[in-house]
Amino acid sequence: MSTEQLLELYRVMLRIRAFEDLADQASQGGTSAFGQATSAAPAPVRGPLHLSHGQEAVAVGVCASLHADDAITSTHRGHGHCIAKGADPWRMFAELLGRADGYNAGKGGSMHIADFSVGMLGSNGVVAAGIPIAVGAAQAFKLRGESRIVACFFGDGAINRGPFLEGLNWAQVFQLPVLFVCEDNRYSATTRSADMTAGEGAAARARALGIATQVCDGNDVIAVARAAAELASQVRAGGGPRLLHAITYRFKGHVSVDPASYRDPRELDRALEHDPIELTERVLMERGCVASAHASKPDSRIGSESAARAAATGPGPSEIASLDEIKRHVREQIEHAMQRALASPWPDAAAAFEDVQDSGGGVWR
Amino acid sequence: MSDRTVGGVVRSAPAAGNATSGATGVEQSVDLSCAEAAARALADAMRADPSVVTLGEDIGRGGVFAQYRGLLAEFGAQRVIDTPISESTIMGAAVGMALAGLRPVVELRVVDFALCAMDEIVNQAAKARFMLGGQARVPLVIRLPGGIWSGAAAQHSQSLESWFAHIPGLTVVMPATPLAHYALLRTAIESADPVVFIEHKELWTLRGPVPLHDHSAIAHAGRIGVAHTARSGSDLTVCTWSRGLQHCVLAAEQLEGRGVSVEVIDLQSLWPWDKQAVIESAQRTGRLLVVHEAVQVAGFGAEVVATVAEAHPEVKLRRLGAPRIPVGYSPPLEAVSMLTADRVVSAIEQWLGL
């Protein structure tokens, strides 16, 4: 992977992290759970908010292997998948805020964001429910002879629900173009998945059905992208489904107000040392990127010589903004997206009657 | 029990009542069973639209009731999809297919097995259009053979239509004749929203005329949300659907000989349902009896009766539905849950003091 490609993945991971940070802030006090009371002043983001801090490399690495017209299905913890597939953060924020400009016109909220224009077929409030939907979309693509594939994200908790077995078996029987991605953050809501899962987990179960798998460090975006690209190309070549088991860690609680007091704080400390964004920064700096602007070479973006070189071969590390600058820039973009979303109007109450169903079906022709 | 029509005993009255008005339609009519009408409707829809596919257990061999006979040979295994016994994924995959631009017709074998796919029906199919803010439609038909299938016991005999009528986003259709079966299935496949299409298991062999080539007659019979007046009368209105139509028409014939004129309305679809037709008839006769095979408690009859009562308190109202017990296996036990013409006659006799 070139440095420029890695920088692009880094930017997307930063975008997700910044999005989750702002969503988190806007949700505090928005729902009562885990001993936390709702605040007197209503929070801008209401209801349960499932954050993906620490899991950014899975979403970004997998989506890097997809084409624009490929599809994904996601989970209740789906903000990262949406952003990685190309959804616009301001319309996502607008949805979280319940505004008319939200992707779902305010009818879905955090757990149901979809953007069909980028192939994002929906987050889902029901664990494992996206699996059969992904399988069906893949069957439609295959039936029409299209080369599109579907990446199906689900968590480690989902492998204990029936649709996991049904959907994998189905995809293998019909040789469907699905890349199953088990985004293993080690927790099924507030319970350690290891305590609730027999056998060796997602990959072993897939192999029992004859589905080829790879297991990777889900915090290493290069490893995720490499494994996903390999599996996606096999899927695209008509080889039937594949499964990627990406092992990561959920930094936050199950929902934003969950302090996750059920886990050993040292477990989180160890995980934070393996932060996917910091890991990527280390690789970028090994490749010559600089941490902050004052350490970068002067005039790195000026001069016809370097501009010509950039045009011919892509920018070398010296032409690239410092990581701090990239971070600041992404942060500003996401803050701007939130501001824009906050200015979006509330939906008209009459919209509650729209898109329920047509009165009585279509016409015979 | 004398009026039961099991195993192909034909009652022609409802079907004949549904036949087209013009002589042309009758001449062009083909005599079909409900199973044949269903297979024909799906075949015609699949010929007309390559995005129509069908999936379910055993449908490649024609389905449990032969209602898919001949489809695999004509359309191939890509469009007539024999599936594993995986109800969640049959339904969930159909939702995914619909989101990706197909029009799936789903077979779930019997309505009782739909309970293995309730998340996919209620949380996914019914809500996707609304919850995704209108970004997507879910044009699919969920075929659920329902009702008492003699000797099949409690897990293969339920009438669960009121569950589905309760869910926003779902259309609920229950045909009672071969014509209705053909015409309403065609319309259901054309619908932009999920349609729960409940076919009574004891009606598959019922035969009747279907004017296949009379498009206007088919379009007329296929209007979802429009009730069909199977028999006109002036003393009392009976509102029913699905197999209840046979029993109610027989009961009306018996009562006619005793000077009681009963109007029989076949609702045909429970959502949307034809409030106007029921209210108009009930106001005219002054009495409305709603008859269904489903358990009476919290059945759809309660909705019909309550709606009429709120609009016209002067109308006298009653319901006839099954006791709140699981359907038994042994004939004497099963009979307790069985709707019959005799039960309809008795209910009317008691009410009118005959």
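Heads up: the sequence lines are chains A and B, in that order.
Our numbering applies: residue 4 is where the first sequence begins, and numbers increase by one.
Our numbering applies: residue 58 is where the second sequence begins, and numbers increase by one.
Note that beta-carbon positions come from the ideal geometry of N, C-alpha and C, so glycine has one too.
Notebook entry, point to check: Which class does threonine 262 of chain B belong to by DSSP, given the choice of helix, strand or coil?
Noted result: In the second sequence, residue 262 of chain B corresponds to position 205, counting from 1. Here threonine 262 of chain B sits in coil by DSSP.
Next item on the list: Check whether the Cβ of alanine 103 of chain A lies closer than 7 Å to any Cβ atom in chain B.
Entry: Along the first sequence, read from residue 1 onward, the residue named residue 103 of chain A stands at position 100. Answer no: the Cβ-Cβ gap between alanine 103 of chain A and chain B never drops below 7 Å.
Note to self: My output table needs one value for phenylalanine 254 of chain A: the three-state DSSP class, helix, strand or coil.
What the structure shows: Looking up residue 254 of chain A in the first sequence gives position 251. Looking at phenylalanine 254 of chain A - three-state DSSP - the assignment turns out to be coil, as it is neither helix nor strand.
Next item on the list: Take the Cβ of glycine 208 of chain B as the centre, count every other Cβ of all protein chains shown within 10 Å, and call the residue buried at 16 or more, exposed below.
Entry: As a first step, residue 208 of chain B must be located in the second sequence, where it is residue number 151. So glycine 208 of chain B ends up on the exposed side.
Next item on the list: Can you pull the chain B residues whose beta carbon is under 7 Å from the beta carbon of alanine 90 of chain A, in chain order?
Entry: Numbered from 1 along the first sequence, position 87 holds the residue referred to as residue 90 of chain A. What alanine 90 of chain A touches in chain B: nothing, since even the nearest Cβ is about 12 Å away.
Next item on the list: Name, in chain order, the residues that DSSP records as bridge partners for phenylalanine 221 of chain B.
Entry: Your numbering for residue 221 of chain B matches position 164 in the second sequence. Beta-bridge pairing links phenylalanine 221 of chain B to no other residue.
Checklist line | 7 Å Cβ cutoff met for threonine 78 of chain A and phenylalanine 167 of chain A | finding: Reading the first sequence from its first residue, position 75 is the one you call residue 78 of chain A. Reading the first sequence from its first residue, position 164 is the one you call residue 167 of chain A. Cβ atoms of threonine 78 of chain A and phenylalanine 167 of chain A: not closer than 7 Å.
Next item on the list: Pair every Cβ in the segment 313-322 of chain B with every Cβ in the segment 276-296 of chain B, then say whether three or more of these pairs are closer than 8 Å.
Entry: yes
Check: Among B/Pro161, B/Gln192, B/Glu218, which one has its Cα closest to the Cα of leucine 172 of chain B?
Finding: In the second sequence, counting from the first residue as 1, residue 172 of chain B sits at position 115. Ranking B/Pro161, B/Gln192, B/Glu218 by Cα distance to leucine 172 of chain B puts B/Glu218 first.
Next item on the list: Select from B/Val354, B/Leu99, B/Gln353, B/Arg264 the residue whose C-alpha is nearest the C-alpha of leucine 197 of chain B.
Entry: Position 140 of the second sequence, counted from the first residue, corresponds to residue 197 of chain B. Taking only the C-alpha atoms, the option nearest leucine 197 of chain B is B/Leu99.
Check: Going along chain B in order, which residues have a C-beta closer than 9 Å to the C-beta of phenylalanine 144 of chain A?
Finding: In the first sequence, counting from the first residue as 1, residue 144 of chain A sits at position 141. Ala157, listed in chain order.
Note to self: So proline 427 of chain B contacts chain A; which residues on that side make the cut at Cβ distance below 9 Å?
What the structure shows: Outside the shown range of chain B, which is 58 to 411, sits residue 427 of chain B, and nothing can be said about it.
Item checked: Exposure of valine 393 of chain B, with buried meaning 16 or more beta-carbon neighbours within 10 Å -> Start at 1 with the first residue of the second sequence, and residue 393 of chain B comes out as number 336. Looking at its Cβ environment, which holds fewer than 16 other Cβ atoms inside 10 Å, valine 393 of chain B is exposed.
Next item on the list: With 7 Å as the threshold, decide whether the Cβ of glutamate 149 of chain A is near any Cβ in chain B.
Entry: The sequence position of residue 149 of chain A within the first sequence is 146, counting from 1. No - not a single Cβ of chain B is within 7 Å of the one on glutamate 149 of chain A.
Next item on the list: Determine the closest residue to glutamine 192 of chain B out of A/Ala143, A/Ala140, A/Ala117, with distance taken between C-alpha atoms.
Entry: To locate residue 192 of chain B, count along the second sequence from 1; it is residue 135. Selected option, being the one with the closest Cα: A/Ala117.
Notebook entry, point to check: To which residues of the same chain is alanine 71 of chain A closer than 8 Å at the C-beta, ignoring the five residues directly before and after it?
Noted result: Taking the first sequence and counting its residues from 1, the one referred to as residue 71 of chain A is at position 68. Taken in chain order, the residues that qualify are Gly89, Val121, Gly122.
Check: How many Å lie between alanine 313 of chain A and glutamate 284 of chain A at the Cα?
Finding: As a first step, residue 313 of chain A must be located in the first sequence, where it is residue number 310. As a first step, residue 284 of chain A must be located in the first sequence, where it is residue number 281. Bear in mind that a pLDDT of 48 at alanine 313 of chain A, under 50, signals an unreliable position, so the model cannot answer this.
Item checked: Exposure of glycine 316 of chain B, with buried meaning 16 or more beta-carbon neighbours within 10 Å -> As a working mapping, residue 316 of chain B is identified with position 259 in the second sequence. That one is exposed.
Next item on the list: Whole angstroms is fine: what's the gap from serine 303 of chain A's alpha carbon to valine 286 of chain A's?
Entry: Locating residue 303 of chain A in the first sequence gives position 300, counting from the first residue. Locating residue 286 of chain A in the first sequence gives position 283, counting from the first residue. Low confidence applies here, because serine 303 of chain A scores a pLDDT of 45, under 50, leaving its location unreliable; read the following figure in that light. Computed Cα separation, rounded: 21 Å.
Next item on the list: Decide if threonine 194 of chain A is buried, meaning its Cβ has at least 16 other Cβ atoms within 10 Å, or exposed.
Entry: Here residue 194 of chain A refers to the residue found at position 191 of the first sequence. Label assigned to threonine 194 of chain A: exposed.
Check: When you compare each of A/Arg102, A/Phe144, A/Asn163 to valine 130 of chain A by their alpha carbons, which one comes out closest?
Finding: As a working mapping, residue 130 of chain A is identified with position 127 in the first sequence. The shortest Cα separation from valine 130 of chain A among A/Arg102, A/Phe144, A/Asn163 belongs to A/Asn163.
Check: arginine 216 of chain B and alanine 351 of chain B look like a contact to me (Cβ under 8 Å); what is the Cβ gap, rounded to whole Å?
Finding: Taking the second sequence and counting its residues from 1, one reaches residue 216 of chain B at position 159. Taking the second sequence and counting its residues from 1, one reaches residue 351 of chain B at position 294. One detail in the question is off: residue 216 of chain B reads as serine in this sequence, not arginine. That pair is a contact at about 4 Å.
Next item on the list: Measuring only between beta-carbons, confirm whether proline 225 of chain B sits less than 7 Å from chain A.
Entry: For the purposes of this step, residue 225 of chain B is taken as the residue at position 168 of the second sequence. So yes, proline 225 of chain B belongs to the interface.
Notebook entry, point to check: Just the Cα atoms here: how many angstroms apart are asparagine 188 of chain A and asparagine 127 of chain A?
Noted result: For the purposes of this step, residue 188 of chain A is taken as residue 185 along the first sequence, with counting starting at 1. For the purposes of this step, residue 127 of chain A is taken as residue 124 along the first sequence, with counting starting at 1. Cα to Cα, asparagine 188 of chain A sits roughly 17 Å from asparagine 127 of chain A.
Notebook entry, point to check: So what does tyrosine 190 of chain A bridge to, in DSSP terms?
Noted result: Looking up residue 190 of chain A in the first sequence gives position 187. Its beta-bridge partners are A/Arg195.
Item checked: Under 7 Å between C-beta atoms of histidine 56 of chain A and phenylalanine 356 of chain A -> By 1-based counting over the first sequence, the position of residue 56 of chain A is 53. By 1-based counting over the first sequence, the position of residue 356 of chain A is 353. For histidine 56 of chain A and phenylalanine 356 of chain A, no; Cβs fall outside 7 Å.
Next item on the list: Given a cut-off of 7 Å, decide if proline 350 of chain A and alanine 103 of chain A are closer than it, judged by their beta-carbon atoms.
Entry: Position 100 of the first sequence, counting from 1, holds the residue named residue 103 of chain A. Position 347 of the first sequence, counting from 1, holds the residue named residue 350 of chain A. Contact: yes.
Note to self: In the DSSP output, what is methionine 4 of chain A paired with across the bridge?
What the structure shows: Position 1 of the first sequence holds residue 4 of chain A. Answer is none; methionine 4 of chain A lacks a bridge partner.
Check: Under a CB-based cut-off of 7 Å, is methionine 188 of chain B close to chain A?
Finding: Reading the second sequence from its first residue, position 131 is the one you call residue 188 of chain B. Yes, because at least one Cβ of chain A sits closer than 7 Å to the Cβ of methionine 188 of chain B.
Check: Which stretch, first to last residue, makes up the alpha helix (DSSP H) that contains proline 92 of chain A?
Finding: To locate residue 92 of chain A, count along the first sequence from 1; it is residue 89. Its alpha helix (DSSP H) spans residues 92-99.
Next item on the list: Show which residues of chain A have a CB atom less than 8 Å away from the CB atom of valine 179 of chain B.
Entry: Within the second sequence, residue 179 of chain B is the residue found at index 122, counting from 1. By Cβ distance, chain A contributes nothing, its closest Cβ being about 10 Å from valine 179 of chain B, past 8 Å.
Checklist line | Nearest-angstrom Cα separation, counted from valine 110 of chain B out to phenylalanine 132 of chain B | finding: Residue 132 of chain B sits at position 75 when you count from the first residue of the second sequence. Residue 110 of chain B sits at position 53 when you count from the first residue of the second sequence. Taking the straight line joining both Cα atoms gives about 9 Å.
Next item on the list: Taking threonine 146 of chain B as part of the alpha helix (DSSP H), name the residues at either end of that continuous run.
Entry: Walking along the second sequence from the start, residue 146 of chain B turns up at place 89. Its alpha helix (DSSP H) spans residues 144-156.
Next item on the list: List the endpoints of the continuous beta strand (DSSP E) containing arginine 220 of chain A.
Entry: Numbered from 1 along the first sequence, position 217 holds the residue referred to as residue 220 of chain A. Note on residue identity: the sequence assigns aspartate, not arginine, to residue 220 of chain A. Taken as a continuous stretch (DSSP letters only), the beta strand (DSSP E) holding aspartate 220 of chain A covers 216-220.
Notebook entry, point to check: Just to confirm, are glycine 120 of chain B and aspartate 139 of chain B a CB contact at a threshold of 7 Å?
Noted result: Indexing the second sequence from 1 puts residue 120 of chain B at position 63. Indexing the second sequence from 1 puts residue 139 of chain B at position 82. In this structure, aspartate 139 of chain B does not lie closer than 7 Å to glycine 120 of chain B by Cβ.
Notebook entry, point to check: Excluding the five sequence neighbours on either side, which residues of its own chain have a C-beta within less than 7 Å of the C-beta of valine 402 of chain B, listed in chain order?
Noted result: Counting from 1 along the second sequence, the entry for residue 402 of chain B is found at position 345. Contacts found: Ala308, Gln311, Leu312.
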